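Before any comments, here is the structure.
Residue numbers (the UniProt record's numbering): 1 to 146.
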């Protein structure tokens, strides 16, 4: 699941991202932050099974993040869009594994980077979100199946 940030958002307008956000003092542990954010942003508060975390990353605006992965076991999705979001994208993982990903070269704070990019009909998927999703797809591909 990805979300598209609202076009009027002050930061990352129109960009695709995973639901989530900044930790708050009330978050009892690392997984509590994305659980709270997913509940606030799209109204999903139940049926999330934690799969694990990836190592910390740093986004383009120098914000450190920790990807936490969940499996959502709900047969019929029912969402509520937060005012900060344009839309929710439910993307099946298997087609993304074979999608025409490209590598984009860029520089951040003097450090050369190669970041995956995928052109989707809604918007390009790039940056930290693409990096994390591509890494997750590589983990799944190394398993017996998605």
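C-beta atoms are modelled at their ideal positions from N, C-alpha and C, and glycine is treated no differently.
Quick caveat, the model's predicted, so the values are computed rather than measured.
Selected residue, minimal CA-CA separation from residue i, among the options
i           : options            : result
residue 1   : 136, 142, 104, 141 : 136
residue 52  : 81, 70, 44, 115    : 70
residue 131 : 66, 140, 117, 122  : 117
residue 47  : 73, 93, 105        : 73
residue 124 : 80, 101, 25        : 101
residue 139 : 54, 33, 81, 82     : 54
residue 16  : 99, 120, 61        : 120
residue 114 : 78, 79, 142, 60    : 60
Whole-angstrom C-beta distance between residue j and residue i, which should lie under 8 angstroms
i          : j          : result
residue 6  : residue 86 : 5 angstroms
residue 42 : residue 82 : 7 angstroms
The alpha helix (DSSP H) enclosing residue i, as first and last residue numbers
i          : result
residue 33 : 32-42
residue 94 : 93-97
Extent of the continuous beta strand (DSSP E) run through residue i
i           : result
residue 127 : Looking at the DSSP string, residue 127 is not in any beta strand (DSSP E); the run it does join, the alpha helix (DSSP H), is 127-142.
residue 52  : 48-53
residue 24  : Taken as a continuous stretch (DSSP letters only), residue 24 belongs to no beta strand (DSSP E), as it is neither H nor E.
residue 122 : Counting along the chain, residue 122 falls outside any beta strand (DSSP E), and DSSP gives it neither H nor E.
residue 88  : 85-89
residue 104 : 102-108
Residue i burial status per 10 Å Cβ neighbour count (16 or more: buried)
i           : result
residue 127 : buried
residue 35  : buried
residue 37  : buried
residue 25  : exposed
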